[in-house]
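In the working numbering, the protein residues as written are 126 to 590.
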Ligand SMILES: Nc1ncnc2c1ncn2[C@@H]1O[C@H](COP(=O)(O)OP(=O)(O)OP(=O)(O)O)[C@@H](O)[C@H]1O
Ligand SMILES: [Mg+2]
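Here you go:
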């Protein structure tokens, strides 16, 4: 196989005549990264291992119609290449059939190379539009999957494993962790990775409502069941039917609602306030709290029977200060996010800014880190985010409105910084994590060739399984 450069689109030429293969390679070199194959087996091997954008195949290989087989098989590759068929003059009828089987276009032999060039350019364009659409769809799909959770620390890796493991089940999950550690994100991931994902994820913030309103929020009420109940209302449990209900700040619910919740969980039914009719619901329950629920049980503030019902699978999210190794990854992600949002170009952080962020205690955890970087990006004037852009609470320095360098802050030329390479490394880490270390899949996710990815893994000394 031929060595390829990094950014050109890839073209696989399949033809059993060496002259044709060589001629096409000469003509399209420089415009495409070109792979050549003379038979279906070799072609499939390339398709399965390299991200091929365009497949150009002769219809007749070795005198048969294997070109058509290849075309059909190529459609099963994800993402499939755009397929263009070469046919002998006079066999256009078969070519039309091929198009029905998914070919993008066909061209007759003897080849008019200029015309082929136009066809290939058009094919590539259509591929790009398709890919963009697919990426958009995937983005939406991913929105609340595990992909949103950032961090490679052993503690987080353990959490991803547990989420993957329990998401498909109906087991009740109790997520505990300080404020801002990502409890809601984990709850959303549990839903998105479950067979329930096409039904609703309904979040109820239990602390925000008075006991009476919480009960009616959860279970619904009949018209006139209490002052203000002017209409009949379905509860959140019913809304979450076949989906997931997320009971946030579960430690805050009052004794009476705890009893009703216990019954609902045990019987898988709910009763609207003011009605004695039981309604069957099929709901997966995920609860979260930033309180120590066991301590509340010991203090008699939370029912132990309800605690055990909820705590079937416990997930403890560690505070950020106990997994500081994740801070750089999170910084990268948030800086990129806010730079993009504000149409700013920010290539990295000054060493001092980075150090300040690494050493701060983060009582508000990831939410606080995220807010600090939103603040930083908003104030940042150059391409590098410095200490003076960060909230003074974090740097322990007073904000200098004149923009002078505060003592200890170095000038940009002398400070090393978190740069694009670090971001790239981060992306590669994430891709490998998402694909369980599969290089081919990761390369596809990243939109680069496998070869390029291998080289980068080596260059950055990234460990993967
Ligand atoms: N591992 C993570 N990677 C990326 N972003 C995260 C991560 N964990 C949390 N965040 C972000 O931090 C913010 C807080 O997360 P979330 O609301 O899930 O926390 P929480 O534990 O529910 O907090 P609280 O107890 O205050 O409700 C959100 O903006 C979320 O997107
Ligand atoms: Mg929350």
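Note that beta-carbon positions come from the ideal geometry of N, C-alpha and C, so glycine has one too.
Work out the CA separation of residue 233 and residue 146 for me, nearest whole Å.
Taking the straight line joining both Cα atoms gives about 15 Å.
Three-state class that DSSP yields for residue 449 in the structure shown:
Residue 449: helix per DSSP, three-state reduction.
If we call anything under 7 Å between Cβ atoms a contact, is residue 394 one with residue 405?
The Cβ atoms of residue 394 and residue 405 lie closer than 7 Å to each other.
What residues in its chain sit with their C-beta under 7 Å from that of residue 307, if we drop five residues either side in the sequence?
The answer, listed in chain order, is 274, 442, 491.
Taking only the alpha-carbon atoms, compute the straight-line gap between residue 290 and residue 370 and give it to the nearest angstrom.
A straight-line Cα-Cα distance of about 19 Å links residue 290 and residue 370.
Can residue 303 be considered in contact with ligand 2, in the sense that its beta carbon sits closer than 6 Å to one or more heavy atoms?
No, ligand 2 has no heavy atom inside 6 Å of this Cβ.
Relative to the C-alpha of residue 242, which candidate in 177, 155, 317, 283 has its C-alpha closest?
Answer by Cα proximity: 155.
Which residue wins for smallest C-alpha separation from residue 183, given the options 143, 373, 558, 360?
If we check each option's Cα against that of residue 183, 143 comes out closest.
For residue 586, name the three-state secondary structure that DSSP assigns.
The answer is coil: DSSP assigns residue 586 none of H, G, I, E or B.
Output the distance between the C-alpha atoms of residue 554 and residue 587, rounded to the nearest integer angstrom.
Cα-Cα distance, rounded: 8 Å.
beta-carbon residue 309 near ligand 3 non-hydrogen atom, thresh 6 Å:
No copy of ligand 3 occurs in the structure displayed; its ligands are ligand 1 and ligand 2 alone.
For my contact list, residue 178 and residue 197 are in at a C-beta cut-off of 8 Å; report their separation, rounded to the angstrom.
The beta-carbon separation of residue 178 and residue 197, rounded to 19 Å, does not stay under the 8 Å limit for a contact.
Run of the alpha helix (DSSP H) containing residue 302, from where it starts to where it stops
The continuous stretches of alpha helix (DSSP H) do not include residue 302, which lies in the beta strand (DSSP E) extending over residues 298-302.
Is the beta carbon of residue 375 sitting closer than 7 Å to the one on residue 331?
Yes, the pair counts as a contact, with Cβ atoms nearer than the cut-off.
Own chain partners of residue 402 with C-beta closer than 7 Å, once the 5 adjacent residues on each side are dropped:
So the list reads 396, once near-sequence residues are dropped.
In the DSSP assignment, find the beta strand (DSSP E) that holds residue 432 and state where it starts and stops.
Counting along the chain, residue 432 sits inside no beta strand (DSSP E); it lies in the alpha helix (DSSP H) bounded by residues 429-435.
Please name the residue, chosen from 518, 515, 445, 456, that lies closest to residue 281 on a Cα-to-Cα basis.
Minimum Cα-Cα distance from residue 281 among the listed residues 518, 515, 445, 456 corresponds to 445.
Just to confirm the assignment, what range does the alpha helix (DSSP H) spanning residue 519 have?
Segment 517-520, the alpha helix (DSSP H) holding residue 519.
Exposure label - residue 346; buried when at least 16 CB within 10 Å
Buried, because 16 or more other Cβ atoms sit within 10 Å of the Cβ of residue 346.
Verify whether the separation of the beta carbon atoms of residue 510 and residue 501 is less than 7 Å.
Less than 7 Å separates the beta-carbon of residue 510 from that of residue 501.
Beta-carbon proximity check, residue 231 vs residue 220, cutoff 7 Å
Taking 7 Å as the Cβ cut-off, residue 231 and residue 220 qualify as a contacting pair.
Since residue 396 is in the alpha helix (DSSP H), which residue starts that stretch and which ends it?
It is not in any alpha helix (DSSP H) - residue 396 instead sits in the beta strand (DSSP E) that spans 394-396.
How long is the line joining the alpha carbons of residue 353 and residue 440, rounded to whole angstroms?
Cα atoms of residue 353 and residue 440: separation of roughly 38 Å, rounded to the nearest angstrom.
Compute the Euclidean distance between the alpha carbons of residue 169 and residue 193, then round it to the nearest angstrom.
Between residue 169 and residue 193, the C-alpha separation is close to 13 Å.
Run through DSSP, which three-state label would residue 581 get?
Here residue 581 sits in helix by DSSP.
Please indicate yes or no: does the CB of residue 373 lie closer than 6 Å to some heavy atom of ligand 2?
Indeed, a heavy atom of ligand 2 lies less than 6 Å from the Cβ.
Measure from the alpha carbon of residue 351 to the alpha carbon of each residue in 360, 344, 473, 337, then state which is nearest.
Looking only at 360, 344, 473, 337, the smallest Cα-Cα distance to residue 351 is reached by 337.
Could you spell out where the beta strand (DSSP E) holding residue 403 opens and where it closes?
Note, residue 403: beta strand (DSSP E), 403-405.
Near residue 149, which residues of its chain fall below 6 Å by C-beta distance, leaving aside the five closest residues on each side in sequence?
Excluding its 5 nearest sequence neighbours in each direction, residue 149 has C-beta neighbours in its own chain below 6 Å: 138, listed in chain order.
Using 8 Å for Cβ pairs, my map puts residue 195 next to residue 244. What's the rounded Cβ distance?
No, residue 195 and residue 244 are not in contact; Cβ-Cβ is about 18 Å, not under 8 Å.
Three-state secondary structure (DSSP) of residue 351
Three-state DSSP puts residue 351 in coil, outside helix and strand.
Look at the alpha carbon of residue 314 and the alpha carbon of residue 425, and state the distance between them as a whole number of angstroms.
Approximately 32 Å between the Cα atoms of the pair.
Here's a check: name, in chain order, each residue in its chain whose Cβ is nearer than 7 Å to the Cβ of residue 305, leaving out the five neighbours to either side.
Excluding positions up to five away in sequence, the list reads 489, 490, 491, 492, 493.
Take the Cβ of residue 316 as the centre, count every other Cβ of all protein chains shown within 10 Å, and call the residue buried at 16 or more, exposed below.
Counting the other CB atoms within 10 Å of its CB gives residue 316 a total of 16 or more, which places it among the buried residues.
Sorted by chain position, which residues of the same chain lie with C-beta nearer than 8 Å to residue 205's C-beta, five sequence neighbours on each side aside?
Excluding residues within five positions, the ones whose Cβ falls inside 8 Å are 199, 227.
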